[in-house]
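Below is one structure, written out as structure tokens; the observations come after it.
Residue numbers (this note's numbering): 1 to 568.
In structure tokens, the structure reads:
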């Protein structure tokens, strides 16, 4: 019931403005139709939440800040996702006779009548900010109407025998190639799993994280390198959903106490994708991560990697040397494998024999002999590399140098007339050389074999649909040595980029060529920081230098480069 008093009195009673300020503001306003609360917010006299609290007092309904509470997925999904979005309402609590519902328009009687019909309960409306209601619906249902509806269907059918029958049938199938078009009419949990996979693909996710806790299950996607929560599902769906994913990966659904790994191929209207599934037993049940591999994304040329300037000019000639070792280094998730595949793609001609040993083979390349490591069968990087050398290769790709034995054999191959491409975990191009020395490689072997060390990182690129100018903070500009007399650009955030301001990623690179002087420094035992300093004096562009150039070109932001790089 609306309290019969003007909103101005409520603002005055709350002490947000004085009567003199209010009189002055009303005298100066030009648009007399603009609501007083909106006017005060626009003039920065009050905040949006303060305005809503006062409007709630006037309406006679409580105000709730949805950002400060945890949404119960069972309660929130007692109405369909489409209805929640249309009515801008989300149920927060259910009892036998009533439902507490946060609404952007709590006095909309027709909306309340619809909620009564859908829930079968009396409605206790609360006022909430419209943006907060939309965000709460997003957190509860996910970004897509159909996915939210499937969650609701799965909740209703979680205890049905059809779910267990479908799981058992899938368990007996030996095939690990899943055709989504053939399984869209399955049990609710099957349809939910398929929809989650296809939506992750459409959102350009690289990983799906299914993470149980004590009361719910959180689902997050890694998009452009950062995790984003897309929805939470009730605890009741934890075991059916994870079991379904384990079946797709060819894993044992009865074993929940030890980690497992599996894989499958998904065929859908969006193309063909490989999925790597892994589980890890936590105190609240198995957590599951699915790595998504697009079979076509490895077909990338050197320009699209992000190489520019000196790096783009030098890298092709570095790859065309007849023998030696090229190391690509960086932390996990920095794009090392993509760079290696781009190099192999550049070298893949009819007159070259190219063989790889990987863990695992992520993308299949025509004209290249590829193999996986298989520790159970005794095939490690070291044993696989020995076998490769008997196959008369010209170019070898070793997925990763992890130990001294593998490093030693790779260096031996590089010294005996082969071109070896590999990756190594290190902070930058220069420290990769020290990493090999720490593994026990003799300095004279290292200096004679390694021709190039490439350091890299990935940064998100600015969304082209919502680009705007801005000025980075002074401290940020100083750390990157950016000029202060110019404007910079960033993404404002739109539907195309999921409100992040970024869409896609690009590489930052530094290329350290092992020249005669650097070989002498390696033999003299100089620290990698000295080698790095000398290389930069001779013209090597650092990761931050490459990032600085991409900021000035409007490709990424200063804050993103600082996030991805560290002082070396």
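The C-beta atom is built at its ideal place from N, Cα and C for all residues, glycine as well.
Nearest to residue i (by Cα), restricted to the options the options
i, options, result
"residue 461", "445, 428, 426 and 547", "547"
"residue 463", "556, 222, 541 and 199", "556"
"residue 399", "433, 356 and 363", "356"
"residue 539", "81, 311, 25 and 23", "311"
"residue 401", "351, 529 and 439", "439"
"residue 99", "87, 8 and 112", "112"
"residue 561", "499, 533, 456 and 511", "456"
"residue 415", "442, 278, 450 and 345", "450"
"residue 321", "343, 304, 335 and 333", "343"
"residue 107", "358, 123, 97 and 119", "123"
"residue 239", "495, 413, 284 and 110", "284"
"residue 278", "289, 391 and 271", "289"
"residue 286", "257, 308 and 261", "257"
"residue 369", "376, 375 and 358", "358"
"residue 427", "37, 333, 261 and 35", "333"
"residue 294", "338, 51, 259 and 102", "338"
"residue 303", "507, 9, 46 and 120", "507"
"residue 452", "504, 251 and 532", "532"
"residue 242", "196, 266, 229 and 274", "196"
"residue 54", "69, 38 and 68", "38"
"residue 10", "56, 211 and 105", "56"
Cβ shell of residue i (< 8 Å), same chain only, five flanking positions each side left out
i, result
"residue 215", "235"
"residue 5", "58"
"residue 367", "348, 350 and 354"
"residue 444", "523"
"residue 378", "none"
"residue 12", "18, 19 and 22"
"residue 474", "484"
Beta bridge counterpart(s) of residue i as assigned by DSSP
i, result
"residue 342", "Answer by DSSP bridge pairing: none, since residue 342 is not bridged."
"residue 329", "424 and 455"
"residue 374", "379"
"residue 506", "459"
"residue 294", "273"
"residue 90", "102"
"residue 282", "285"
"residue 234", "216"
Delimiting residues of the beta strand (DSSP E) encompassing residue i
i, result
"residue 209", "205-212"
"residue 358", "354-358"
"residue 456", "450-462"
"residue 98", "98-103"
"residue 8", "Careful: residue 8 lies outside any beta strand (DSSP E), inside the alpha helix (DSSP H) at 7-13."
"residue 488", "488-491"
"residue 122", "122-127"
"residue 515", "Residue 515 -> no beta strand (DSSP E), and no H or E assigned at all."
"residue 470", "467-470"
Beta-carbon proximity list for residue i, same chain, < 7 Å, skipping 5 on both sides
i, result
"residue 75", "91, 92, 93 and 94"
"residue 205", "221, 222, 223 and 292"
"residue 173", "At residue 173 the pLDDT is 37, less than 50, meaning the model places this residue with poor confidence; the figure from the coordinates comes in the next sentence. If we look at residue 173 and ignore the five residues flanking it on each side, it has no Cβ neighbours."
"residue 380", "373"
"residue 536", "542"
"residue 528", "430, 431, 433 and 434"
"residue 15", "none"
"residue 168", "Legend: pLDDT at residue 168 = 33, less than 50; position of this residue unreliable, value from coordinates given subsequently. Around residue 168: no qualifying Cβ."
"residue 340", "328, 397, 421 and 423"
Residues of its chain near residue i, where Cβ-Cβ distance is below 6 Å and the 5 sequence neighbours each way are ignored
i, result
"residue 227", "220"
"residue 544", "565"
"residue 140", "71, 73 and 76"
"residue 84", "90 and 137"
"residue 394", "352 and 353"
"residue 550", "556"
"residue 554", "489"
"residue 469", "487 and 489"
"residue 128", "64, 66 and 102"
Endpoints, the alpha helix (DSSP H) within which residue i is located
i, result
"residue 194", "188-202"
"residue 75", "73-76"
"residue 412", "404-415"
"residue 48", "48-59"
"residue 112", "109-119"
"residue 561", "558-564"
"residue 305", "302-305"
"residue 245", "238-248"
"residue 36", "36-42"
heavy atom of the ligand NAD below 8 Å from residue i C-beta
i, result
"residue 101", "Among the components of this structure there are no ligands whatsoever, and the ligand NAD is therefore not found."
Below-9 Å beta-carbon distance, residue i vs any chain D residue
i, result
"residue 218", "Absence of chain D from the displayed structure is noted, only one protein chain being present."
For the region 406-421 and the region 321-332, state whether three or more C-beta atom pairs, one from each stretch, are separated by less than 8 Å.
-> Yes: at least three Cβ pairs fall under 8 Å.
Kindly confirm or deny that the region 378-389 and the region 404-414 touch, where touching means at least three C-beta pairs closer than 8 Å.
-> Verdict: yes, contact present.
Is it true that the region 507-516 meets the region 480-491, where meeting means three or more beta-carbon pairs spaced less than 8 Å apart?
-> Verdict: no, contact absent.
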